[in-house]
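Everything below concerns the one structure shown next.
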Amino acid sequence: MLRHITKPALSVGRAAVSTAAAPRTKYGGKTTVTLIPGDGVGPELAESVTTIFKEMAVPVEFEMIDLNREQLKDEGAFDYAIKSLKRNGVGLKGVINRSADFRHHNVEFRGNLDVYANVVRCMSFEGIKTHHTGIDLIAIRENTEGEYSCLEHESVPGVVESLKIITREKSMRIAKFAFDYAREHNRKKVTCIHKANIMKQSDGLFKACCKEVSEDYPMIKYEEQIVDNTCQQLVINPQQFDVMVMPNLYGNLVSNLAAGLVGGAGVVPSKSYGENIAVFEPGARHTWMEMKGMYVANPSAMVLSGAFMLKHLQLHEAGDVLIKAVKRVINRGEVRSRDLGGSCTTREMTRAFLAELDAIHSE
Amino acid sequence: MFLGRAALRSSTRALHTVTLFPGDGIGPQISESVKNIFAAAEVPIQWEERQVYPILEPNGKTRIPEDAVESIFKNKIGLKGPMRTAIGKGHVSLNLTIRRTFGLYANVRPAKSVPGVITPYSAEGVDCVIMRENTEGEYSGIEHTVVPGVVQSVKLITREASRNVAEYAFQYAKDHGRKNIVALHKANIMKMSDGMFLEQCREVAAKYPEISYKEMYLDSACLKIVSDPSKFDVMVMPNLYGDIFSDLTAGLIGGLGLAPSGNMGKDGIAIYEAVHGTADDLVEQNKGNPTALLMSALMMLRHMGLKTHADKIEGAVLETLKERKFVTGDIGGTATNPEYAAEICRKIKG
Chain A
19 MLRHITKPAL SVGRAAVSTA AAPRTKYGGK TTVTLIPGDG VGPELAESVT TIFKEMAVPV
79 EFEMIDLNRE QLKDEGAFDY AIKSLKRNGV GLKGVINRSA DFRHHNVEFR GNLDVYANVV
139 RCMSFEGIKT HHTGIDLIAI RENTEGEYSC LEHESVPGVV ESLKIITREK SMRIAKFAFD
199 YAREHNRKKV TCIHKANIMK QSDGLFKACC KEVSEDYPMI KYEEQIVDNT CQQLVINPQQ
259 FDVMVMPNLY GNLVSNLAAG LVGGAGVVPS KSYGENIAVF EPGARHTWME MKGMYVANPS
319 AMVLSGAFML KHLQLHEAGD VLIKAVKRVI NRGEVRSRDL GGSCTTREMT RAFLAELDAI
379 HSE
Chain B
159 MFLGRAALRS STRALHTVTL FPGDGIGPQI SESVKNIFAA AEVPIQWEER QVYPILEPNG
219 KTRIPEDAVE SIFKNKIGLK GPMRTAIGKG HVSLNLTIRR TFGLYANVRP AKSVPGVITP
279 YSAEGVDCVI MRENTEGEYS GIEHTVVPGV VQSVKLITRE ASRNVAEYAF QYAKDHGRKN
339 IVALHKANIM KMSDGMFLEQ CREVAAKYPE ISYKEMYLDS ACLKIVSDPS KFDVMVMPNL
399 YGDIFSDLTA GLIGGLGLAP SGNMGKDGIA IYEAVHGTAD DLVEQNKGNP TALLMSALMM
459 LRHMGLKTHA DKIEGAVLET LKERKFVTGD IGGTATNPEY AAEICRKIKG
């Protein structure tokens, strides 16, 4: 737990992290990125991305690392994945299912690499029938501490204590990230989501840090909202939200809720940033184990994550055209996977994206 | 362990005495409406009004006034309006103090679509019940600053409290003809604490084979319920998740102004409450919405075995809401609190 405070504190005034990529070593003109398909439907979604990238001939080489339950029995496999990401600095991943022992691989992943800021943008799609329209919110979640510290013990039989850790350093860091992100993307308002009326010290600290940082960004409106009210507001009037910044657990709930509002786990991508690393993955992290191998999952979220990764690598043209293709297919509504009310397979969706890419090139 | 079955009253007693805490802000005004409506429906209840406000003792503990405590221990049943938490050092939330005083271990929050209040979810209809563990979890209030800039907050899960709420949830489902219970958790992350909660749910589930039991990650539940709330029936979960999720479900039906809530305690104690705020800005013009308090009062009547009266009042309320001629501002009307209540009374008297 104390390992976190040995890092130097960030100085105010310097951007917390630049979401623009640091120049990557290229070999033969190609950038190497780590690809971790993960469990469940992950490998099928990863296949979608690799197929599309190959067809588009983007200068990206994948270092594929399998990390399913079997692989994880070997301690070295996970460590190798971490090394690969540190080396490449950029990764695309699915969700790793938890192994039978007490290691939390997804959580360790983020902690080890210090991928501290998870950004999920939830935007309504015209072609998806949902209960609300006109949503465009960005949920920014602190991804390395809070309720996910994984520090639990049974102090006496029948009584378990679970620790939630909030530090000033990480709260300041995520707050700064959120405001910088808002400024970079011309967003008008940042709302801090908390439960400081009950968790006065921990969420109180988080809230105080957000307020402190907000004072350096007078152009951006700052608000605070209690998380239960936020969940209520999200289902009544989600259009009121712009950028939201919150600790780990609330971030998990809010980003899933918001993803559900715009069409579900199949269509929402996410980006996660650390000091020198960026990881792209679907926004609502679910393995969907029951459907493994059946090719019914919607690859849109994974493909959009891949597209954002291309943009991060400064391959903007490729990234933008891929985003355009995916959105057009979804909005046209002709080729739809199960989650969108249709019956198309993962591969049929992929083919539709490729066809759309061709169409765009001929325009 | 007390299971929260309807507290049956002796049939020789004509009147049931119920404790009423009007509360703050619009509290006294909406309580007045509830009293008037109950009188119109000739509900055999007499109200014993008490004030509840926190008394900060020198040892740092908060307690509520003795006469309020005595009244509840005597009557067993109470109805509570919205309350302000005193701001200031050392004040624990008043709601928390009440929960601890009466051992209110299970919070029941039904969310049912209301005809006349159209939300994006009215078409498929919402009809679910949240059972929230009400005494521990993240609300233990145990926090420390380990070193400056590092705060540790303790979430406590005990076998006993988890068992109590699980038992109540399954018994409630059985009594009310509900078929499915889903336990919401984050045991993938909080393996021991939420794991223990789930273990208790599973043990109780084994005793009710007629009720289908499943488990779902809380984040998956958030994702799924906003896509299709009709698939959700009874849900049981620890404290924090229950707090967040029940506000979410209240939002699906139109907001906290319409959502009832009941709290089950030891020894047959049951306190029903409005969970919205005190809405101080509406006090001057008496424009608060008494529906949440009224719906909670109806839950209370059903718990007491006074179903006929509850149904009669509910019918009048739903019709008034459907007609939308005399409804309050929060749901798009222009009526004041007494005007809305008067319309309901008119419908009851026929």
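If you're matching them up, the sequences are chains A and B in order.
What the first sequence shows, in my numbering, is residues 19 to 381, in sequence order.
What the second sequence shows, in my numbering, is residues 159 to 508, in sequence order.
Ideal Cβ positions, reconstructed from N, Cα and C, are used throughout, including at glycine.
Problem set entry | Cβ-based burial, P273/B [other Cβ within 10 Å; buried from 16] | Position 115 of the second sequence, counted from the first residue, corresponds to residue 273/B. So P273/B counts as exposed.
| field | Closest by C-alpha distance to V263/A, when choosing among V208/A, K239/A, S290/A | value | As a first step, residue 263/A must be located in the first sequence, where it is residue number 245. Closest by alpha carbon: V208/A.
#### Entry: Nearest to R139/A (by Cα), restricted to the options A276/A, A343/A, Q332/A, M367/A
Translated into the one-based positions of the first sequence, residue 139/A becomes position 121. Of A276/A, A343/A, Q332/A, M367/A, the residue nearest in Cα terms is A276/A.
I'd like to confirm the pairing. Which residues does DSSP put opposite G164/A in its beta bridges?
Locating residue 164/A in the first sequence gives position 146, where the first residue counts as 1. G164/A pairs with I183/A.
request  = Starting from E207/B, follow its DSSP beta bridges and name the residues at the other end.
outcome  = On the second sequence, residue 207/B is found 49 positions in, with the first residue counted as 1. Answer is L178/B, bridged to E207/B.
- Message: Quick check: G473/B and N397/B, are their CB atoms within less than 8 Å of each other?
- Response: By one-based count along the second sequence, residue 473/B stands at place 315. By one-based count along the second sequence, residue 397/B stands at place 239. No; because the gap between Cβ atoms is not below 8 Å, this pair is not in contact.
For H379/A, which of helix, strand or coil comes out of DSSP?
Walking along the first sequence from the start, residue 379/A turns up at place 361. Three-state result, H379/A: helix.
Using a Cβ-Cβ distance under 8 Å, would P278/B count as near chain A? In the second sequence, counting from the first residue as 1, residue 278/B sits at position 120. Yes, P278/B counts as interfacial toward chain A.
Q. Do the segment 248 to 266 of chain B and the segment 367 to 385 of chain B meet, that is, are 3 or more Cβ pairs less than 8 Å apart?
A. no
* To do: Compute the Euclidean distance between the alpha carbons of L459/B and L451/B, then round it to the nearest angstrom.
  => Taking the second sequence and counting its residues from 1, the one referred to as residue 459/B is at position 301. Taking the second sequence and counting its residues from 1, the one referred to as residue 451/B is at position 293. The straight-line gap from Cα to Cα measures roughly 12 Å.
For L342/B, does the three-state DSSP call read helix, strand or coil? As a first step, residue 342/B must be located in the second sequence, where it is residue number 184. Here L342/B sits in strand by DSSP.
Hey, G301/A and S288/A are a contact pair by Cβ (cut 8 Å); roughly how many whole angstroms apart?
-> Counting from 1 along the first sequence, the entry for residue 301/A is found at position 283. Counting from 1 along the first sequence, the entry for residue 288/A is found at position 270. Yes, G301/A and S288/A are in contact; Cβ-Cβ is about 4 Å, under 8 Å.
Requested in this report: Answer yes or no: does any C-beta atom of chain B fall closer than 8 Å to that of M217/A?
Outcome: The residue given as residue 217/A occupies position 199 in the first sequence. For M217/A, the answer is yes, since a Cβ of chain B falls inside 8 Å of its Cβ.
Using CA atoms only, rank isn't needed, just tell me which of S320/B, G299/B, E206/B, S370/B is closest to M354/B. Along the second sequence, one-based indexing puts residue 354/B at 196. Closest option to M354/B, Cα to Cα, is S320/B.
| CB-CB under 8 Å to V178/A, same chain, minus the five flanking residues each way: which ones, in chain order? | What you label residue 178/A is simply residue 160 of the first sequence in a count that begins at 1. Taken in chain order, the residues that qualify are E170, H171, E172.
*8 Å contact criterion, which R221/B and E215/B should meet: CB distance rounded*: Sequence index remark: in the second sequence, residue 221/B carries index 63 (1-based). Sequence index remark: in the second sequence, residue 215/B carries index 57 (1-based). Indeed they touch by this definition, with Cβ atoms about 6 Å apart.
Note to self: Counting only beta-carbon separations shorter than 8 Å, does A408/B have a partner in chain A?
What the structure shows: Locating residue 408/B in the second sequence gives position 250, counting from the first residue. Yes, contact with chain A.
Whole-number beta carbon distance between F298/A and G324/A, since they are thought to touch under 8 Å
As a working mapping, residue 324/A is identified with position 306 in the first sequence. As a working mapping, residue 298/A is identified with position 280 in the first sequence. That belief holds up - the Cβ atoms of G324/A and F298/A are roughly 7 Å apart, short of 8 Å.
- Can you give the Cα-Cα distance for A493/B and E190/B, rounded to whole angstroms? In the second sequence, residue 493/B corresponds to position 335, counting from 1. In the second sequence, residue 190/B corresponds to position 32, counting from 1. Rounded to whole angstroms, A493/B to E190/B spans 16 Å at the Cα level.
| task | Have a look at the DSSP bridge pairing and note the partners of F298/A. | result | Working through the first sequence from its first residue, we reach residue 298/A at position 280. Assignment of beta-bridge partners to F298/A by DSSP yields L110/A, K289/A.
Margin query: Taking beta-carbon pairs under 7 Å, can you tell me which members of the segment 273 to 286 of chain A lie near chain B?
Written below: N274, L275, A277, G278, L279, G282, A283
Practice task
Give me the Cα-Cα distance between N274/A and A157/A, rounded to the nearest whole angstrom.
Solution key: For this step, residue 274/A is matched to residue 256 along the first sequence. For this step, residue 157/A is matched to residue 139 along the first sequence. Using only the alpha carbons, I get a separation of about 10 Å.
Check: Who are the Cβ neighbours of S355/A in its own chain at under 6 Å, not counting the five residues just before and after it?
Finding: For the purposes of this step, residue 355/A is taken as residue 337 along the first sequence, with counting starting at 1. The residues are N316, C362, M367.
What's the C-alpha gap between T177/B and K424/B? By 1-based counting over the second sequence, the position of residue 177/B is 19. By 1-based counting over the second sequence, the position of residue 424/B is 266. If you take the alpha carbons of T177/B and K424/B, they lie about 16 Å apart.
Taking the C-alpha atoms as reference points, what is the distance between I192/A and C227/A?
Here residue 192/A corresponds to residue number 174 of the first sequence, with the count starting at 1. Here residue 227/A corresponds to residue number 209 of the first sequence, with the count starting at 1. Computed Cα separation, rounded: 9 Å.
Interface residues of chain A facing G564/B [CB-CB closer than 8 Å]
Because chain B spans 159 through 508 in this model, residue 564/B falls outside it and cannot be assessed.
*asked:* Taking DSSP's pairing of strands, which residues face Q310/B in a bridge?
replied: Looking up residue 310/B in the second sequence gives position 152. Its beta-bridge partners are I183/A, H302/B.
*asked:* In this structure, how does DSSP classify F196/B when only helix, strand and coil are distinguished?
replied: To locate residue 196/B, count along the second sequence from 1; it is residue 38. Helix, per DSSP.
Below-8 Å beta-carbon distance, S288/A vs any chain B residue: Taking the first residue of the first sequence as position 1, residue 288/A is located at position 270. With 8 Å as the cut-off, S288/A does not count as an interface residue toward chain B.
Residue-chain proximity (R369/A, chain B), Cβ-Cβ < 8 Å:
The residue labelled residue 369/A in the question sits at position 351 within the first sequence. Chain B contact via Cβ: absent.
By the three-class DSSP mapping on this structure, what secondary structure does S378/B have? Reading the second sequence from its first residue, position 220 is the one you call residue 378/B. Here S378/B sits in helix by DSSP.
Note to self: For N161/A, would you say it is in contact with chain B, using Cβ-to-Cβ distances shorter than 8 Å as the test?
What the structure shows: As a position in the first sequence, residue 161/A is number 143, starting the count at 1. Cβ-Cβ to chain B under 8 Å: no for N161/A.
Rounded separation between V475/B and T259/B - CA only: As a first step, residue 475/B must be located in the second sequence, where it is residue number 317. As a first step, residue 259/B must be located in the second sequence, where it is residue number 101. Their Cα atoms are separated by approximately 33 Å.
Residues near P256/A in its chain [Cβ-Cβ closer than 6 Å; skip 5 each side]: Mapped onto the first sequence, residue 256/A falls at position 238. These residues qualify, in order along the chain: H150, I153, L279.
Option in H212/A, R369/A, A214/A, L131/A with minimal Cα separation from F96/A
The residue you call residue 96/A lines up with position 78 of the first sequence. Minimum Cα distance to F96/A is reached at L131/A.
* Ignore the nearest five residues each way along the sequence and tell me which others in L333/A's own chain have a CB closer than 8 Å to its CB. => Sequence index remark: in the first sequence, residue 333/A carries index 315 (1-based). Cβ neighbours of L333/A beyond the five flanking positions: V76, P77, V78.
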